[in-house]
Amino acid sequence: MKFKPLLSTLLIGSLVLAGCGNQSDDASDKDEYSKNSTSQQSDKQNQEKDKDKQYSNISYPKDGVKGIYVAPGNVTGDNFDELIDFINDTELNAMVIDVKDDERNITIDFHTDDKLIQKNTVETIDAKKLIKEMEKNDIYPIARVVTFKDSKLSEEKPEWSFKDQNGEVWQSDGGDSFLNPFEEKVWDYDMNVAEAAAKAGFKDIQFDYVRFPEGFENQDSELQYSKGKYKNSDMSSTDQRVDTITKFLEQANKKLDKYNVQTSADVFGYAATVEETPGIGQSFNKIAKNVDAISSMIYPSHWSPGDFGLDAPDLEPYKTVDNYLDKETDLLDDLGKNKPKSRPWLQDFTASYLGEGQYKEYNAQEVQDQIQALKNHGIDEFLLWDASNEYSEGVDYTPEKQTKDKNNDSESDSDSDDNNSDDGGNEQAENEQ
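Numbered per mature numbering (1 follows the signal peptide of the UniProt record, and there is no 0), the sequence shown spans residues -18 to -1, 1 to 415.
Next comes the structure, spelled out in structure tokens:
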């Protein structure tokens, strides 16, 4: 049985994963950011003051973050009240809320002097009211910042993006356009959004889509875009991409430290199974060194037949997550005292798009199987993804640790369920997603 908010929801964030501009565009960019220079200098002067300031009175959950994704359309009214009640009635304790969403909208009026943030603000959320309500209910607020995926801003500022041979903004196979992670103005913009969220009272800034587009390594030689400081670099193209993504998170972590907030990053699950991802620029180890928490998207539906020796990973949620964690745990242990918290994204949606025989309906048992795998690896933190926010009821979010043999026996019962689904699952695969 699923928990269903009263009103209809926005199914955003659900789709699976530059050349130099003309002189007038460059001048416009300079003017736009020069207008913010005074406020930025003021921020530097007040850095020590910011370090000691408490922007919200919400403590880190003593038993670890256990959260749900909340779509912007559900952050107000009866929908939000029902989700708060859902959290209060369970062992859950956190919400991930879009601050910069998949459509590039800034969903909170931050009352900032940044002209670009002002332009992109849709004022879906009243920041003060939201944080006050979360304080009252002791719910840990996580701000999701969709970082480099930004089709609208790419069209408005093509010099910040990638252009094809015809000079048009390039789109990935998924139909999305990305901002160029080599472009420092893009860094400035996303970090300004993150800082505004920290000042609003969010306790954790989560960077999603902190990567290049999928398959970029097969297209980059045909695209026009700025390489920034890597223009004359001797590094390979893969190493350049990995380095700039890593450096972005390193700088973001340092800038946000003065606000006493945590930083986290969403990464593809397969990033932990390879030394480095050739196209998207995500190195699990290097990212892990520069965040407080790393959130691998390890939805069973996202693995291919044959991965981990499983014919249909979506049918075996415990085994899929358990096998993945064998790899991730070794990588994090190698980092010693510098390792971040593991806070994976788990699946609470039905992936009917996989086709008959490859998926099953996900309800309480399937969610609990994934959480049990985490617990058996000593991991107490997780985030649940369902784009429509219809979360399963009856889940034990704090199970006791079990031996693998014992849990495998219990999962075999749930794996025998019929592979039925509701139509709502076919567009809920991604929060990187």
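We put the beta carbon where it would ideally sit given N, CA and C, even for glycine.
Owing to the predicted nature of the structure, the values given are computational and were not obtained by experimental measurement.
- Cut-off 6 Å between Cβ atoms - residues of its own chain near residue 427, not counting five sequence neighbours on either side: What the structure shows of the chain is the stretch from -18 to 415, and residue 427 is not part of that stretch, so it cannot be assessed.
- Item | Three or more C-beta pairs below 8 Å linking the segment 155 to 169 and the segment 101 to 117 | Put simply, the segment 155 to 169 does not touch the segment 101 to 117. Fewer than three CB pairs are less than 8 Å apart.
- Report the residue from Ser219, Ser203 and Ile107 whose alpha carbon sits nearest the alpha carbon of Gly55. Numbered from its first residue, the sequence shown carries residue 55 at position 73. Minimum Cα distance to Gly55 is reached at Ile107.
- Query: Taking buried to mean at least 16 other C-beta atoms within 10 Å of its own C-beta, is Leu74 buried or exposed?
  - Reply: Residue 74 sits at position 92 when you count from the first residue of the sequence shown. Burial call: buried.
- Using beta-carbon positions only, say whether Arg325 and Gly263 come within less than 7 Å of one another. By 1-based counting over the sequence shown, the position of residue 325 is 343. By 1-based counting over the sequence shown, the position of residue 263 is 281. Taking C-beta atoms as the reference points, Arg325 and Gly263 fail to come closer than 7 Å.
- Task: Using DSSP bridges, identify the partner residues of Arg126.
- Result: Looking up residue 126 in the sequence shown gives position 144. BP columns for Arg126 point to Asp80 and Gln188.
- Message: So Gln350 and Pro322 are supposed to be a Cβ contact under 8 Å. How far apart are they, rounded?
- Response: Within the sequence shown, the letter at position 368 stands for residue 350. Within the sequence shown, the letter at position 340 stands for residue 322. Contact doesn't hold; Cβ gap of about 25 Å is too wide.
- Whose CA, out of Ser143, Ser41, Tyr306 and Phe62, lies closest to the CA of Tyr252? Numbered from its first residue, the sequence shown carries residue 252 at position 270. It is Tyr306.
- Message: By the three-class DSSP mapping on this structure, what secondary structure does Ile90 have?
- Response: As a position in the sequence shown, residue 90 is number 108, starting the count at 1. Strand, per DSSP.
- Task: Could you check what DSSP says for Gln377 in three-state terms: helix, strand or coil?
- Result: Translated into the one-based positions of the sequence shown, residue 377 becomes position 395. This sequence places Val at residue 377; Gln is not what is there. Residue state, collapsed to three classes: coil.
- Between the Cα of Gln188 and the Cα atoms of Gln100, Leu65, Thr220 and Thr245, which residue gives the shortest distance? What you label residue 188 is simply residue 206 of the sequence shown in a count that begins at 1. For Gln188, the closest C-alpha among the options Gln100, Leu65, Thr220 and Thr245 is that of Thr245.
- Query: For the beta strand (DSSP E) that contains Lys110, what are its first and last residues?
  - Reply: Taking the sequence shown and counting its residues from 1, the one referred to as residue 110 is at position 128. Not the beta strand (DSSP E): Lys110 falls in the alpha helix (DSSP H), residues Ala109 to Lys118.
- Query: So Gln244 is in the alpha helix (DSSP H); what residue range does that whole segment cover?
  - Reply: Indexing the sequence shown from 1 puts residue 244 at position 262. For Gln244, there is no enclosing alpha helix (DSSP H); the enclosing beta strand (DSSP E) has its first and last residue at Gln244 to Phe250.
- Item | Leu317 versus Thr255: straight-line alpha-carbon distance, rounded | Indexing the sequence shown from 1 puts residue 317 at position 335. Indexing the sequence shown from 1 puts residue 255 at position 273. Using only the alpha carbons, I get a separation of about 16 Å.
- Item | Sub-7 Å separation of Leu365 and Val78 beta-carbons | Along the sequence shown, read from residue 1 onward, the residue named residue 365 stands at position 383. Along the sequence shown, read from residue 1 onward, the residue named residue 78 stands at position 96. The Cβ-Cβ distance between Leu365 and Val78 falls below 7 Å.
- Message: Measuring only the C-alpha atoms, how far is Gly339 from Ala125?
- Response: Locating residue 339 in the sequence shown gives position 357, where the first residue counts as 1. Locating residue 125 in the sequence shown gives position 143, where the first residue counts as 1. If I take the Cα positions, the gap works out to 37 Å.
- Item | Endpoints, alpha helix (DSSP H) assigned at Gln153 | The residue labelled residue 153 in the question sits at position 171 within the sequence shown. From DSSP, Gln153 is part of no alpha helix (DSSP H); its letter is neither H nor E.
- Task: Kindly give me the distance between the Cβ atoms of Asp186 and Asp248, rounded to whole angstroms, as I take these residues to be in contact under 8 Å.
- Result: The count along the sequence shown starts at 1 and reaches residue 186 at position 204. The count along the sequence shown starts at 1 and reaches residue 248 at position 266. About 12 Å; that fails the 8 Å criterion.
- Message: Please state the DSSP three-state secondary structure of Leu314.
- Response: Locating residue 314 in the sequence shown gives position 332, where the first residue counts as 1. DSSP places Leu314 within a helical segment (H, G or I) once states are collapsed to three.
- Could you tell me the boundaries of the beta strand (DSSP E) in which Tyr51 lies? In the sequence shown, residue 51 corresponds to position 69, counting from 1. For Tyr51, the enclosing beta strand (DSSP E) covers residues Lys48 to Val52.
- Item | Any non-hydrogen atom of the ligand PLP within 6 Å of Leu161 CB | Summarising the ligand content, the structure contains no ligands, and the ligand PLP is consequently not present.
- Query: Hey, which unbroken runs of the beta strand (DSSP E) at 3 residues or more fall wholly within the segment 261 to 323?
  - Reply: As far as the segment 261 to 323 is concerned, its whole beta strand (DSSP E) runs of at least 3 residues are 275 to 279.
- Kindly list the residues whose CB is nearer than 8 Å to the CB of Ser394, restricted to its own chain and excluding five residues on each side of it in sequence; keep chain order. Counted from its first residue, the sequence shown places residue 394 at position 412. Annotation note: pLDDT 42 at Ser394 (below 50); position unreliable, no value reported.
- Task: May I ask you to report which of helix, strand or coil DSSP gives Gln347?
- Result: In the sequence shown, residue 347 corresponds to position 365, counting from 1. DSSP places Gln347 in helix when its eight states are reduced to three.
- Item | Spatial distance of Asp170 from Lys101 (CA atoms) | Working through the sequence shown from its first residue, we reach residue 170 at position 188. Working through the sequence shown from its first residue, we reach residue 101 at position 119. About 16 Å.
- What did DSSP end up calling Gln329 once you bin it into helix, strand or coil? Stepping through the sequence shown from its first residue, residue 329 is reached at position 347. It is a strand residue.
- Task: Would you tell me roughly how many angstroms separate the C-alpha atoms of Asp172 and Val192, rounded to the nearest one?
- Result: Stepping through the sequence shown from its first residue, residue 172 is reached at position 190. Stepping through the sequence shown from its first residue, residue 192 is reached at position 210. Taking the straight line joining both Cα atoms gives about 10 Å.
- Query: Going by beta carbon distance, what residues of the same chain come within less than 6 Å of Thr220, once the five residues before and after it are set aside?
  - Reply: Stepping through the sequence shown from its first residue, residue 220 is reached at position 238. Only Pro260 meet the Cβ criterion.
- Task: For Thr385, I'd like the list of residues in its chain whose CB is within less than 8 Å of its CB, leaving aside the five on either flank, ordered along the chain.
- Result: The sequence position of residue 385 within the sequence shown is 403, counting from 1. Answer for Thr385: Asn358, listed in chain order.
- Query: Taking the C-alpha atoms as reference points, what is the distance between Asn152 and Ser265?
  - Reply: By one-based count along the sequence shown, residue 152 stands at place 170. By one-based count along the sequence shown, residue 265 stands at place 283. First, the amino acid is wrong: residue 152 is Trp here, not Asn. When rounded, the separation of the alpha-carbon atoms in Trp152 and Ser265 is 24 Å.
- Query: Where do the N-terminal and C-terminal ends of the beta strand (DSSP E) with Asp367 fall, by residue?
  - Reply: Within the sequence shown, residue 367 is the residue found at index 385, counting from 1. What sits at residue 367 in the sequence shown is Trp, not Asp. Note, Trp367: beta strand (DSSP E), Phe364 to Trp367.
- Query: For Asp202, which residues from the same chain have a beta carbon less than 7 Å from its beta carbon, with the 5 sequence-adjacent residues on both sides left out?
  - Reply: Indexing the sequence shown from 1 puts residue 202 at position 220. By the criterion of a C-beta distance shorter than 7 Å, Asp202 is surrounded in its chain by Ser219, once the five residues flanking it on both sides are discounted.
- Query: Cα separation between Lys(-17) and Leu356?
  - Reply: On the sequence shown, residue -17 is found 2 positions in, with the first residue counted as 1. On the sequence shown, residue 356 is found 374 positions in, with the first residue counted as 1. Each residue's CA atom was taken as its position, placing Lys(-17) and Leu356 some 22 Å apart.
- With DSSP collapsed to three states, give me the class of Val168. Taking the sequence shown and counting its residues from 1, the one referred to as residue 168 is at position 186. Here Val168 sits in helix by DSSP.
- Task: Just grab the DSSP bridge partners of Thr103 for me.
- Result: Position 121 of the sequence shown, counting from 1, holds the residue named residue 103. Answer by DSSP bridge pairing, in chain order: Ile88.
- In terms of DSSP beta bridges, what is Gln384 paired with? Numbered from its first residue, the sequence shown carries residue 384 at position 402. Looking at the DSSP assignment, Gln384 forms no beta bridge with any residue, so it has no partner.
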